[in-house]
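Novice: Can you keep this structure in mind? I'll have questions shortly.
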Ligand code: NDP
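Residue numbers (my numbering): 19 to 318.
This is the structure we're talking about:
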């Protein structure tokens with residue numbers, strides 16, 4: 019495998035340690051403890067795992083963690099009341115509503131009811147607009163994690179050709195904005211893109227955020243390119259035992275690693291960076307709320 023492995027697990031540990039150092043300083047020098055509130059509606063098993071993991075890591079870096087677990091049939095008014103209370107709680111600096119929400123709840127309405135300065139997921143329409151216009155915003159965690167890994171690996175990505183495959187609001191579009199912000203020449207590809215292999219072959223940086231297992235093979239990759247695989251796909255793995263599964267990304271790891279200059283694995287690549295960036299965003303939000311200097315290197 020000639021490609022350098024970009025180790026997201028190790029990088030995420032470094033980010034968490036930077037966050038923990040900053041939290042220690044906020045507490046000792048200013049008497050402030052950053053607080054993150056996570057709201058979960060219903061009992062979706064995957065969401066429960068994510069929320070537990072977020073709460074655990076929040077506490078591990080020394081921040082205050084608050085969890086609101088609401089019944090699956092919670093009314094929109096009741097959910098909005100919880101968010102309103104958190105918006106007005108001075109001890110809470112970040113609010114995250116775990117998605118997806120049950121169908122009877124309007125996701126856009128709920129997300130846009132979070133105070134933008136506490137919107138640590140960066141999904142509020144104000145933050146989307148601020149990011150799109152190159153202004154200071156809360157940046158969505160997964161693309162922020164990808165950007166941090168690219169900056170760390172390359173130093174500067176200025177002038178590089180970047181192709182983002184996927185145009186979702188939570189990954190593809192904000193990723194493209196961040197790459198543009200760092201002066202890449204950016205192409206966004208999607209399901210209607212013509213000659214996708216040729217488009218991907220032009221890229222110095224490929225970010226795959228499609229949700230299709232191992233869709234991108236090695237012969238689509240320009241020799242020496244950096245491949246960031248956002249995809250998390252669970253496949254049956256009977257060879258590991260009955261009912262067992264394995265995780266794969268959106269790129270064919272083995273064949274891409276033969277051609278690429280650097281590549282993120284799945285698992286252990288982008289995934290661990292997402293929660294680390296959530297913690298980073300919470301510290302950033304806390305510093306902004308208190309008029310204090312933001313930690314360096316933890317935002318876009
Ligand atoms: P979405 O389903 O919202 O978006 C997928 C995008 O891929 C769409 O824009 C779609 O195009 C495009 N697409 C689908 N099929 C093709 C194709 N054949 N060729 C080209 N483009 C295609 O997914 P998300 O952005 O939410 O997530 C993408 C992946 O990233 C998933 O595997 C998800 O699990 C993972 N993920 C990982 C995270 C992490 O922490 N590591 C966090 C968030 C997501 P179109 O718009 O035309 O339909």
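Ideal placement from N, C-alpha and C gives every residue a C-beta, glycine not left out.
Residues near the ligand NDP, CB to any non-hydrogen atom under 7 Å, in chain order?
Specialist: Going by the Cβ distance cut-off, the answer is 160, 183, 184, 185, 186, 188, 189, 190, 207, 208, 209, 210, 211, 214, 227, 228, 229, 230, 233, 248, 249, 250, 251, 268, 288, 289, 292.
Novice: State the DSSP-derived secondary structure class of residue 252, mapped to helix, strand or coil.
Specialist: Residue 252: strand per DSSP, three-state reduction.
Novice: Going along the chain, which residues of its own chain have a beta-carbon closer than 6 Å to the beta-carbon of residue 3, five neighbours each way excluded?
Specialist: This structure gives no information on residue 3, because the portion of the chain shown stretches from 19 to 318.
Novice: Alpha carbon to alpha carbon, how far is residue 19 from residue 244? Give it in angstroms, no decimals.
Specialist: Those two C-alpha atoms are separated by around 14 Å.
Novice: Using 8 Å for Cβ pairs, my map puts residue 248 next to residue 278. What's the rounded Cβ distance?
Specialist: Residue 248 to residue 278, Cβ: 15 Å. No contact.
Novice: Who are the near neighbours of residue 131 in its chain, counting only those whose CB is closer than 6 Å to its CB and skipping five residues on each side?
Specialist: 98, 101, listed in sequence order.
Novice: Find out if the Cβ-Cβ distance for the pair residue 58, residue 103 is shorter than 7 Å.
Specialist: Cβ atoms of residue 58 and residue 103: not closer than 7 Å.
Novice: Is residue 85 helix, strand or coil by DSSP?
Specialist: Three-state DSSP puts residue 85 in a strand.
Novice: Which one of 81, 185, 122, 159 has the shortest CA to CA distance from residue 318?
Specialist: Of the listed residues, the one whose Cα sits closest to residue 318 is 159.
Novice: I'd like to confirm the pairing. Which residues does DSSP put opposite residue 264 in its beta bridges?
Specialist: Answer is 253, bridged to residue 264.
Novice: Is the segment 221-236 touching the segment 246-262, taking contact as three or more C-beta pairs under 8 Å?
Specialist: Contact holds: three or more Cβ-Cβ distances are below 8 Å.
Novice: Please give the ranges of any alpha helix (DSSP H) in the segment 265-304, keeping only runs that are unbroken, at least 4 residues long and fully inside the region.
Specialist: Runs of the alpha helix (DSSP H) inside the segment 265-304: 271-277.
Novice: Smallest Cα separation from residue 63: which of 48, 140, 90, 74?
Specialist: Looking at the Cα atoms, 90 is the closest of the given residues.
Novice: Among 53, 157, 150, which residue has its Cα nearest to the Cα of residue 106?
Specialist: The shortest Cα separation from residue 106 among 53, 157, 150 belongs to 53.
Novice: Check residue 247 in the structure and name its three-state DSSP category.
Specialist: Here residue 247 sits in strand by DSSP.
Novice: Mark residue 111 as exposed unless 16 or more other C-beta atoms lie within 10 angstroms of its C-beta, in which case mark it buried.
Specialist: Residue 111 is buried by the Cβ-count criterion.
Novice: Return the CA-CA distance between residue 22 and residue 162, expressed in angstroms with no decimal places.
Specialist: Near 21 Å, if we compare the C-alpha coordinates of residue 162 and residue 22.
Novice: Going by alpha carbons, who is nearest to residue 84 out of 51, 239, 60, 94?
Specialist: Comparing Cα positions, the closest option is 51.
Novice: For residue 53, which of helix, strand or coil comes out of DSSP?
Specialist: Strand, per DSSP.
Novice: Return helix, strand or coil for residue 137, following the three-state DSSP convention.
Specialist: Residue 137 falls in the strand class under three-state DSSP.
Novice: Might you give, ordered along the chain, the residues of its own chain that have their beta carbon closer than 7 Å to the beta carbon of residue 191, omitting 5 neighbours on each side?
Specialist: Same-chain partners within the cutoff: 185.
Novice: As a quick exercise: from 308, 124, 68, 147, pick the residue whose alpha carbon is nearest that of residue 49.
Specialist: Per the Cα distances, 308.
Novice: Would you be able to state if there are at least three C-beta pairs under 8 Å between the segment 145-155 and the segment 172-182?
Specialist: Result no; under three Cβ-Cβ pairs closer than 8 Å.
Novice: What do you reckon, are the CB atoms on residue 114 and residue 138 nearer than 7 Å?
Specialist: Cβ atoms of residue 114 and residue 138: closer than 7 Å.
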